[in-house]
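Notes for the one structure printed next.
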Amino acid sequence: MKNYLIIGGGIAGVTLAHQLENRNLTFDLVDNCPKYNSTKVAAGFWNPIVFKRLTMSFNADILMAKLKDYYPKVEQKLGTKFVHNTPQLKVFSTKEERHRFIDKAIVSEVSQFLDEEPIEKIEGIKAPFGMGKVIGTGYIDTVEYIEKSFEYFESNGSFINKKIDYSEIEYTPDYAGFSGKKYEKVIYCEGYHAVHNPLFPELRLKPTKGELLILEIPGLSQDFAFAKSAGLIPLGNQQFIVGSTYDWEDMTEDSTETARKKLLYNLSDFLELDYKVIDHQAGIRPSSFDRRPIIGKSSVQVNAYIMNGLGTKGVMYAPFYSDMLIDSIEKGIAIDEVVDYGRMV
Ligand SMILES: Cc1cc2nc3c(=O)[nH]c(=O)nc-3n(C[C@H](O)[C@H](O)[C@H](O)COP(=O)(O)OP(=O)(O)OC[C@H]3O[C@@H](n4cnc5c(N)ncnc54)[C@H](O)[C@@H]3O)c2cc1C
Numbered sequence: 448m449k450n451y452l453i454i455g456g457g458i459a460g461v462t463l464a465h466q467l468e469n470r471n472l473t474f475d476l477v478d479n480c481p482k483y484n485s486t487k488v489a490a491g492f493w494n495p496i497v498f499k500r501l502t503m504s505f506n507a508d509i510l511m512a513k514l515k516d517y518y519p520k521v522e523q524k525l526g527t528k529f530v531h532n533t534p535q536l537k538v539f540s541t542k543e544e545r546h547r548f549i550d551k552a553i554v555s556e557v558s559q560f561l562d563e564e565p566i567e568k569i570e571g572i573k574a575p576f577g578m579g580k581v582i583g584t585g586y587i588d589t590v591e592y593i594e595k596s597f598e599y600f601e602s603n604g605s606f607i608n609k610k611i612d613y614s615e616i617e618y619t620p621d622y623a624g625f626s627g628k629k630y631e632k633v634i635y636c637e638g639y640h641a642v643h644n645p646l647f648p649e650l651r652l653k654p655t656k657g658e659l660l661i662l663e664i665p666g667l668s669q670d671f672a673f674a675k676s677a678g679l680i681p682l683g684n685q686q687f688i689v690g691s692t693y694d695w696e697d698m699t700e701d702s703t704e705t706a707r708k709k710l711l712y713n714l715s716d717f718l719e720l721d722y723k724v725i726d727h728q729a730g731i732r733p734s735s736f737d738r739r740p741i742i743g744k745s746s747v748q749v750n751a752y753i754m755n756g757l758g759t760k761g762v763m764y765a766p767f768y769s770d771m772l773i774d775s776i777e778k779g780i781a782i783d784e785v786v787d788y789g790r791m792v
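Right, dumping it as structure tokens:
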């Protein structure tokens, strides 16, 4: 009997799988391999700062420490590169914003992440008030992370490409049965699809559609990501991601003309170079009602667990909260109540 069955191979399920392997626990990971899911579409950026207030985002210090430790080790294990440490330039809209950034860079809880010296000019960027540099930011190439992980798990006989119907899993007091195999526990990492999961009736997700574009922008520096009314992230080969939109009404996974126009309009606020749109993608973020992750156990089925609610911050949340969930199951260590599934029960 294997220890775990993980259902869903986005960043939540894949990260859980690596973390289980790190502890010598056995598992099968099942994913139906859609062309796009929230993880494959994601820009994959991490940033510990909330720009609006220039404060730390939720638990940023511990999440960043875990992220910096976890992803490079997986890169090594898989023999690939998907972590890109890329500083971000905040393009200032006003003189006041510039002064506030410099003040916070000199003394504040976030000063370790802000450079005191503003950057005045980058070719192709409209920045009459200059730009503030955020240090310690970067992005994960999520497609590379997921695809190389699937290949690795498949080569170890622990990956199954399939869409599971809830009725296919048979629960007994001692194990869960699926496809002729037995597992001690099941962890559901289904992203926004979890809204239909009968084992988590109290789950309060607020799925949020997001769209982004891939652009080719000849002549723009590849050394920085940029943030103003849109975010711009360099991918190499003169390509950049421009993102992202937020939509709580349209729950289709189709890309829309409205989002494309909005993104390009926002970009025109600070980009003054010509570009070509080369791709347009959409996904549904599994955001939670209170914008915190959701981990814990089912209230109606023993041995069924969930990891969800990663919202806009899957890259920062996944390493730390997958560890917390495993600690709670394997060692009985209490889950932090602000992220516990039990807060909704
Ligand atoms: C446009 C956009 C931009 C984003 N940018 C960022 C960013 O810059 N930084 C960041 O940190 N986050 C970003 N995000 C958010 C991030 O993508 C999410 O937090 C994260 O991907 C959620 O991962 P997940 O594993 O919970 O869900 P998903 O990625 O949706 O994965 C769930 C998987 O489970 C599979 N599944 C579900 N049910 C079953 C079943 N019954 N059987 C088999 N398989 C099943 C699904 O098909 C899917 O493959 C962005 C999201 C979008 C849409």
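Residue numbers for the sequence shown follow the working numbering, beginning at 448 and rising by one.
All residues carry an ideal CB built from backbone N, CA and C; glycine is no exception.
{"Check": "Any chance the CB of Val521 is under 7 Å from a heavy atom of ligand 1?", "Outcome": "no"}
{"Check": "Use the C-beta contact count for Ile587: other C-beta atoms within 10 angstroms, 16 or more gives buried, fewer gives exposed.", "Outcome": "buried"}
{"Check": "Is the CB-CB distance between Tyr788 and Lys744 below 8 Å?", "Outcome": "yes"}
{"Check": "Can you give, in chain order, each stretch of the beta strand (DSSP E) that sits fully within the segment 635–689 and has at least 3 residues?", "Outcome": "655–663, 672–674 and 678–683"}
{"Check": "Below 8 Å on the Cβ atoms is my contact criterion, and I expect Ile688 with Ala490 to pass it. Report the Cβ-Cβ distance as a whole number of Å.", "Outcome": "5 Å"}
{"Check": "With burial defined as no fewer than 16 other Cβ atoms inside 10 Å of the residue's Cβ, what is the status of Phe671: buried or exposed?", "Outcome": "buried"}
{"Check": "Quick check on the DSSP output: what are the complete alpha helix (DSSP H) runs of length 4 or more inside the segment 557–604, in order along the chain?", "Outcome": "589–602"}
{"Check": "Tell me Met511's beta-bridge partners as DSSP assigns them.", "Outcome": "Answer is none; Met511 lacks a bridge partner."}
{"Check": "In chain order, what residues of the same chain have a beta carbon less than 6 Å from the beta carbon of Val633, not counting five sequence neighbours either side?", "Outcome": "Leu452, Ala623 and Ala751"}
{"Check": "With a 10 Å radius around its C-beta and 16 neighbouring C-beta atoms as the bar for buried, classify Gln559 as buried or exposed.", "Outcome": "exposed"}
{"Check": "Rounded to whole angstroms, how far is the Cβ of Asn484 from the Cβ of Gly758, which I believe are closer than 8 Å?", "Outcome": "The pair is not a contact, with the Cβ atoms about 14 Å apart (cut-off 8 Å)."}
{"Check": "Give me the Cβ distance between Asn644 and Tyr613, rounded to the nearest whole Å; I'm assuming they're in contact under 8 Å.", "Outcome": "7 Å"}
{"Check": "Which residues mark the beginning and the end of the beta strand (DSSP E) in which Asp726 is found?", "Outcome": "Lys723 to Arg732"}
{"Check": "Give the DSSP-derived three-state secondary structure of Tyr805 in the structure shown.", "Outcome": "The structure shown does not extend to residue 805, since the chain is modelled only from 448 through 792, so no value can be given for it."}
{"Check": "With a threshold of 16 other CB atoms inside 10 Å of the CB of Tyr635, please say whether the residue is buried or exposed.", "Outcome": "buried"}
{"Check": "Spell out the partners DSSP gives Tyr693 in its beta bridges.", "Outcome": "Looking at the DSSP assignment, Tyr693 forms no beta bridge with any residue, so it has no partner."}
{"Check": "Out of curiosity, what's the CA-to-CA distance linking Lys400 and Glu522?", "Outcome": "The first residue shown for the chain is 448 and the last is 792, placing residue 400 beyond what the model contains."}
{"Check": "I need the DSSP call for Asp475, collapsed to helix, strand or coil.", "Outcome": "strand"}
{"Check": "To the nearest angstrom, how far is it from the Cα of Phe505 to the Cα of Tyr768?", "Outcome": "13 Å"}
{"Check": "In terms of alpha-carbon separation, which member of Glu556, Ile458 and Ser746 lies closest to Glu594?", "Outcome": "Ile458"}
{"Check": "Tell me whether Asn479, by its Cβ, gets closer than 7 Å to a heavy atom of ligand 1.", "Outcome": "yes"}
{"Check": "Buried or exposed for Pro495, please, with buried defined as at least 16 other CB atoms from any protein chain shown within 10 angstroms of its CB.", "Outcome": "buried"}
{"Check": "For a quick check, are the C-beta atoms of Leu720 and Ile680 less than 8 Å apart?", "Outcome": "no"}
{"Check": "Can Phe492 be considered in contact with ligand 1, in the sense that its beta carbon sits closer than 7 Å to one or more heavy atoms?", "Outcome": "yes"}
{"Check": "Any beta-carbon of chain B closer than 8 Å to the one on Ala781?", "Outcome": "No chain B appears in the structure shown, which is made up of a single protein chain."}
{"Check": "DSSP beta-bridge partners for Gly743?", "Outcome": "Ile753"}
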